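According to UniProt numbering, the sequence shown is numbered sequentially starting from 1.
Everything on this sheet refers to the single structure shown next.
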Amino acid sequence: MSFSVRTVDTSPFDGQKPGTSGLRKRVKVFQQPKYTENFIQAIFTAMPAPGPQNATLVVGGDGRYFMKDAVQKIVRIGAANGIKKFIIGQDGILSTPAASALIRKRDADGGIILTASHNPGGPENDFGIKYNTRNGGPAPESVTDAIYQATCTISEYKEADFDAHVDLSTVGIQTFGPVSVEIVDSVADYVELIKEIFDFELIRKFRQQTPDFTLLFDALNGVTGPYGRRIFVDELGFPETSLANCTPLEDFGGSHPDPNLTYARSLVDSVEKHKISLGAASDGDGDRNMVLSHDWFVTPSDSVAVIAHYADCIPYFKRTGIRGLARSMPTSCAIDRVAAAKGVEAFEVPTGWKFFGNLMDAGRLSICGEESFGTGSDHIREKDGIWAIVAWLNIIAHVNLTAPGAGVRSIMSEFYKVYGRNYFTRYDYEEVDSEGATQMMNRLRTLEPGMAFGSYKVVKLDDFHYTDPVDQSISQKQGVRIIFQDTSRIIFRLSGTGSQGATVRVYIERYDEKEFALDAQTALKPLVDIALDISQLEKYTGRKEPTVIT
Ligand code: VG1
Ligand code: CO
């Protein structure tokens, strides 16, 4: 087969700056001639030492529209830049956690994950490209900054010419000149890993002995459908009726593949209607999760704290012990209480999973989470939706050994009895005018502590910055924190994952030692009012109501 490398002239595009998690733009933007090529070349240009020469790269994505085109481009540009081996999920499919697992298992030098996560897909919606380093985690800021710099100065990219397309549909090895492309089963390695982590035997027994326990898993037409089927039905023996929307679709069936109370409404309704014991969903690329029952919604901040509390019943943590716990800054402080009880370190990092990686690599972090429906551990370097759902099954099965009949709700109320409850809510104002949002944030930064609102007194007000305890790298301006005398918090951030305008996120938290049964919106209403007042949000954004409340 003929194989040659050519150089193509190009010039920079504005705005190819990776956000919280990769570069996310409308598909139409990526489809512009040379736009995607430029960004891919920039990844290879900026790839950490020793660079792409002779490297092995994992490639895959969430199945959204334009993904297969992007895979072909990555192989051609990567091959021309010296990549020796590509490991690609069948049909291009790899969930984000499965890609992270594969990078680690196969000792690859990194990976490119094609996803815009929970953003809608299809020709009119979003696409995304994310680079992960050899630890399997999202590239740190030093690398994403270097990628961005490369996009600003690019004048040419390299592309390999060979006369065939990569056949993504057939598992096996294909060679193109000096380059080998291995297509792998998208699910097998990941399922094997999950089986090593959790007590499948215990869950199976629990399911057999508790026929009235029901599971409903909704993949929201995202990438986790095949993973969910293999684990919940084939391995654990739940019936087919436990699966919903488990066929990955290029446009996610026109819906928003985001597991929260707004966008996963049909799951929430089914769980209530059919009195489901455990309802669960994950997002487009499979790194997020939502867990609920017909009588309780578990906030992600509570979920990670509960998993940490019960970690000893999970075989993986029995083997490794709990080294430390962590959360992103806006996530509620529930997990800090578990860390204190267990006598392990607790870390508070900026929003975005990339900040957990160094701590894990240094052996200081076992379990962590974000309020944005992200939960995970050091088994890989991405958050992991299926992992969190199986963790809940493992915990429920374990609790039932001594408390038969215990469900999500009783597990939560027992947890609150031990630790108290951190009430939490987030208000999102999506696609607002960028200028207004920036002005609002700038004004918030100028405010001083000391203000009082009824009984609430502001004792601390800052713009969160973080010094990585492992490599001492500094991240500035990670969100304005307003902290009150009773430890309540209001936090303002602008999203770094949107593809249009700005998204304002307002995070609200209040701790209660005694009263656990309030509805979160009722419990937090006074603080919500203060947040709107303090920020003058309506004046700056023109919005009276949030787009999404979680
Ligand atoms: C959001 C979440 C953040 C998460 C990120 C990526 O970022 O708030 O916690 O890590 O999405 O998740 P932002 O900047 O929009 O607030 V995913 O599932 O998109 O990879
Ligand atoms: Co995601």
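All C-beta atoms, glycine included, are put in the ideal place defined by N, C-alpha and C.
What you are looking at is a predicted structure, and each value in this text was computed from that prediction instead of being measured.
Terminal residues of the beta strand (DSSP E) in which residue i lies
i	result
Thr503	502-512
Glu414	Careful: Glu414 lies outside any beta strand (DSSP E), inside the alpha helix (DSSP H) at 408-419.
Gly19	Here Gly19 belongs to no beta strand (DSSP E), and DSSP marks it neither H nor E.
residue 554	Lying before the first or after the last residue shown, residue 554 is absent from the chain, which here runs from 1 to 550.
Asp62	No beta strand (DSSP E) contains Asp62, which DSSP labels as neither H nor E.
Glu156	156-162
Leu278	278-282
Gly324	324-328
Thr7	3-9
Leu216	215-218
Arg489	489-494
Phe484	480-484
Beta-carbon separation (whole angstroms), residue i vs residue j, contact threshold 8 Å
i	j	result
Gly357	Gly137	4 Å
Glu345	Met329	In fact, because the Cβ distance is near 16 Å, the residues do not count as touching under 8 Å.
Phe516	Tyr419	Going by Cβ atoms, the distance from Phe516 to Tyr419 rounds to 10 Å, so no, they are not a contact pair.
Ser155	Thr45	That belief does not hold up - the Cβ atoms of Ser155 and Thr45 are roughly 11 Å apart, past 8 Å.
Val166	Ala99	Incorrect: roughly 17 Å between the Cβ atoms, too far for contact.
Lys73	Thr36	6 Å
Glu235	Lys273	Glu235 to Lys273, Cβ: 27 Å. No contact.
Ser413	Pro300	In fact, because the Cβ distance is near 18 Å, the residues do not count as touching under 8 Å.
Leu216	Val271	6 Å
Ser293	Leu278	6 Å
Extent of the continuous alpha helix (DSSP H) run through residue i
i	result
Ala308	300-309
Val223	Unbroken run through Val223: none, as it is neither H nor E.
Lys318	315-320
Val29	27-30
Lys525	520-535
Thr45	35-46
Leu461	Per DSSP, Leu461 belongs to no alpha helix (DSSP H); it is in the beta strand (DSSP E), 456-463.
Arg134	That residue, Arg134, is in no alpha helix (DSSP H); it is neither H nor E in DSSP.
Arg445	434-446
Residue i beta carbon near ligand 2 (any heavy atom closer than 7 Å)
i	result
Thr224	no
Thr262	no
Thr96	yes
residue 551	Because the chain is modelled from 1 through 550, residue 551 falls outside the range shown and cannot be assessed.
residue 551	In the structure as shown, the chain starts at 1 and stops at 550, and residue 551 therefore has no counterpart that could be examined.
Ser117	yes
Heavy atom of ligand 1 within 7 Å of residue i beta-carbon
i	result
residue 551	The structure shown does not extend to residue 551, since the chain spans only 1 to 550, so no value can be given for it.
Gly496	yes
Ser21	yes
Arg493	yes
Asp283	yes
Glu182	no
Glu370	yes
Arg265	no
Gly374	yes
Gly479	no
Gly352	yes
Arg505	yes
Any non-hydrogen atom of ligand 4 closer than 7 Å to residue i Cβ
i	result
Ser328	Ligand 4 is not among the ligands present in this structure, which contains only ligand 1 and ligand 2.
| request: Pair every Cβ in the segment 206-213 with every Cβ in the segment 175-183, then say whether three or more of these pairs are closer than 8 Å. | output: no
| request: Could you tell me whether the segment 390-410 touches the segment 306-316, where touching means 3 or more Cβ pairs closer than 8 Å? | output: Contact holds between the segment 390-410 and the segment 306-316, because three or more Cβ pairs, one in each stretch, are under 8 Å apart.
| task | Decide if the segment 254-272 is in contact with the segment 225-237; the criterion is three or more beta carbon pairs, one per stretch, under 8 Å apart. | result | no
| query | Whole beta strand (DSSP E) runs in the segment 83-130 with 3 or more residues, listed along the chain? | reply | Under the rule that a run must span 3 or more residues, the beta strand (DSSP E) segments found entirely inside the segment 83-130 read 85-93, 110-114.
| So does the segment 530-538 actually touch the segment 275-295, counting three or more Cβ pairs closer than 8 Å? | No, the segment 530-538 is not in contact with the segment 275-295.
| Which parts of the segment 144-204 are runs of the alpha helix (DSSP H), unbroken and 4 residues or longer, counting only runs that do not cross its ends? | At a cut-off of 4 residues, the continuous stretches assigned as alpha helix (DSSP H) that sit fully inside the segment 144-204 are 188-197.
| said: Quick test of the definition: if touching needs 3 or more C-beta pairs under 8 Å, does the segment 213-229 touch the segment 79-95? | reply: yes
| Can at least three beta-carbon pairs, one atom from the segment 404-416 and one from the segment 472-483, be found at a separation below 8 Å? | no
| query | Whole alpha helix (DSSP H) runs in the segment 231-288 with 4 or more residues, listed along the chain? | reply | Secondary structure in the segment 231-288: the alpha helix (DSSP H) runs of 4 residues or longer, each lying completely within the stretch, are 265-273 in chain order.
| task | Determine contact between the segment 159-178 and the segment 104-118, defined as no fewer than three beta-carbon pairs at a distance below 8 Å. | result | no
| Curious, which full-length alpha helix (DSSP H) runs of at least 4 residues does the segment 338-387 contain? | Within the segment 338-387, the complete alpha helix (DSSP H) segments of 4 residues or longer fall at 354-361, listed in chain order.
| query | Should the segment 7-25 be called in touch with the segment 45-62, which here means at least 3 C-beta pairs below 8 Å? | reply | no
| query | Within the chosen definition, does the segment 40-57 reach the segment 367-385 through at least 3 CB pairs nearer than 8 Å? | reply | Segments in contact, no.
| request: Count the CB pairs spanning the segment 360-379 and the segment 324-344 that are closer than 8 Å, and state whether there are at least three. | output: yes
| field | the segment 428-435 in contact with the segment 233-253 per 3-pair CB rule at 8 Å | value | No contact exists between the segment 428-435 and the segment 233-253.
| request: Evaluate contact between the segment 26-45 and the segment 116-127, counting only Cβ atoms and requiring at least three cross-stretch pairs below 8 Å. | output: yes
| Inter-stretch contact (C-beta, 8 Å, three-pair minimum) for the segment 420-430 and the segment 498-511 | yes
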